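Engineer: Structure incoming, see below.
Structure (structure tokens):
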């Protein structure tokens, strides 16, 4: 195996659905994990900064009683105005860390930084002591004396963490979050691959089965026990496989039946011609008529086969126009009155259609349909017998009910009557002159008109055919 082939195989493997699904899920999981990492980091940053500011505010609470006592003694804040260093001394005395706090000062901020942000205001919130500020509004804590507010202590909030220990603590939290995010991504990456494999495995089985089907190789039904869309797809594949096998059997049977239908008249023609050639049979009008009859039968079979082939290809052109079905049936029956009368079969037509019950029909094909039905009844109905035809309007269409007398059609044969070259194993057989294509052509014509046809037992003891044709849209 050369290097180029190896690269193609490797690329094909990693371009499969399994790897596409794997990288897609890993990418989504990574994006979600990193987004959560960013949100949590921002939340920790803002939350810890808010915590540090709240901690600073709590520290100035112990300064308020001292300032209230100062105001009680001096009755004003003027000393802080005259002596700015006095304010700094008060802050150093009361905001300085105790011995216990100094032991933990590596974790918390230093007092010098909070002193710089602590301000003093009078009762009208006019600044008295502390640095000048212009942008950020300080957090005010009231100084009350005898239930009266005499001033405020203000604390400017931190804009960011500046103390080393605060920054170190926050970085340790961020580091932990980063490790957890990485572990989540690795966990997803390790779990997704087997999950992707279990998802793709039924697809691979289906692909291999379809490959065998395309090569016409025998195989057992595909078994996928999943109850999801893949399971339904496997069931559809099995149905398609069965249908294709049935169609293949029908195709073989169809070819065998065609060969049989053509071989019989050809064999008869050949035998008669050889008999005439050898002088066994005289060459006269009777022999010519016999040859012509065999040739007509052969021509009829070939014509019917050609018609059905064109129907399969939808190559037959239908010229639809609004027509009265009743008048077409009446004309066709009138032409068959003589042969039906000669055989002792009585025809009756029950027309329940009105003059306005017009439907879209192809005149030539409808004549062919009715002639096939009349010919079928004439060939197979016992003498004496009856043929009853009823026409009536139904919802959005017209229905033609065709019933003849004995012989009856077996139950098992009713669903197969419209199969090509099918004959009932009874008196309705080849001896009557049929090729088994008449009802197949009838069904094809009905379906091309958008209608349906069904077969059942007749009340007269023979066959009942129900043809329903839609009105259509002009």
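Residue numbers (the working numbering): 44 to 517.
We treat Cβ as the ideally placed atom computed from N, Cα and C, and that holds for glycine.
Values in this document were obtained by computation on a predicted structure and should not be read as measured data.
Determine the extent of the alpha helix (DSSP H) in which residue 431 is found, giving its start and end residues.
Structural biologist: That residue, residue 431, is in no alpha helix (DSSP H); its beta strand (DSSP E) goes 428 to 437.
Engineer: Quick one: give me the first and last residue of the alpha helix (DSSP H) that residue 483 is part of.
Structural biologist: For residue 483, the enclosing alpha helix (DSSP H) has its first and last residue at 481 to 491.
Engineer: Assign residue 63 to buried or exposed, taking buried as 16 or more other Cβ atoms, counted over all protein chains shown, within 10 Å of its Cβ.
Structural biologist: exposed
Engineer: Can you give me the Cβ contacts of residue 496 inside the same chain, cut-off strictly under 6 Å, excluding the 5 residues immediately before and after it?
Structural biologist: 486, 489, 510
Engineer: Within a Cβ cutoff of 7 Å, which residues of the same chain sit near residue 141, ignoring the five residues on either side of it in sequence?
Structural biologist: Because residue 141 carries a pLDDT of 44, less than 50, the predicted location of this residue cannot be relied on, and no value is offered for it.
Engineer: What's the gap between the Cα of residue 334 and the Cα of residue 326?
Structural biologist: Each residue's Cα considered, the two are about 11 Å apart.
Engineer: Of all the options 447, 397, 242, 65, which has the alpha carbon lying nearest to the alpha carbon of residue 428?
Structural biologist: 447
Engineer: Unbroken beta strand (DSSP E) runs of length 3 or more, entirely within the stretch 274 to 335: which are they?
Structural biologist: DSSP runs (the beta strand (DSSP E)) wholly in the stretch 274 to 335: none.
Engineer: If you draw a straight line from the C-alpha of residue 471 to the C-alpha of residue 385, how long is it?
Structural biologist: Residue placement at residue 471 is flagged as unreliable, the pLDDT there being 42, under the threshold of 50; the coordinate-derived value follows with that caveat. Between residue 471 and residue 385, the C-alpha separation is close to 19 Å.
Engineer: In this structure, does DSSP put residue 349 in helix, strand or coil?
Structural biologist: helix
Engineer: Let me know if residue 20 comes out buried or exposed under the rule of 16 or more other beta-carbons within 10 Å of its beta-carbon.
Structural biologist: The first residue shown for the chain is 44 and the last is 517, placing residue 20 beyond what the model contains.
Engineer: To the nearest angstrom, report how far apart residue 271 and residue 217 are at their CA atoms.
Structural biologist: Each residue's alpha carbon lies about 43 Å from the other.
Engineer: What is the DSSP secondary structure of residue 445, reduced to helix, strand or coil?
Structural biologist: Strand.
Engineer: Quick check on residue 501: buried or exposed, where buried means 16 or more other Cβ atoms within 10 Å of its Cβ?
Structural biologist: buried
Engineer: With a threshold of 8 Å on Cβ separation, who are the neighbours of residue 426 within its own chain once the five nearest residues in sequence on each side are excluded?
Structural biologist: 386, 387, 388
Engineer: Hey, how far is the Cα of residue 194 from the Cα of residue 165?
Structural biologist: Distance between the alpha carbons of residue 194 and residue 165: 4 Å.
Engineer: Residue 80 to residue 239, Cα distance in whole Å?
Structural biologist: 26 Å
Engineer: Please classify residue 59: does DSSP put it in a helix, a strand, or coil?
Structural biologist: coil
Engineer: Looking only at its own chain, which residues have a Cβ that is under 6 Å from the Cβ of residue 493, when we skip the five neighbours before and after it?
Structural biologist: Result list for residue 493: 513, in chain order.
Engineer: Can you give me the start and stop residues for the beta strand (DSSP E) that residue 394 sits inside?
Structural biologist: 388 to 394
Engineer: Is it right to say residue 399 is buried, meaning 16 or more other beta carbons lie within 10 angstroms of its own, or is it exposed?
Structural biologist: exposed
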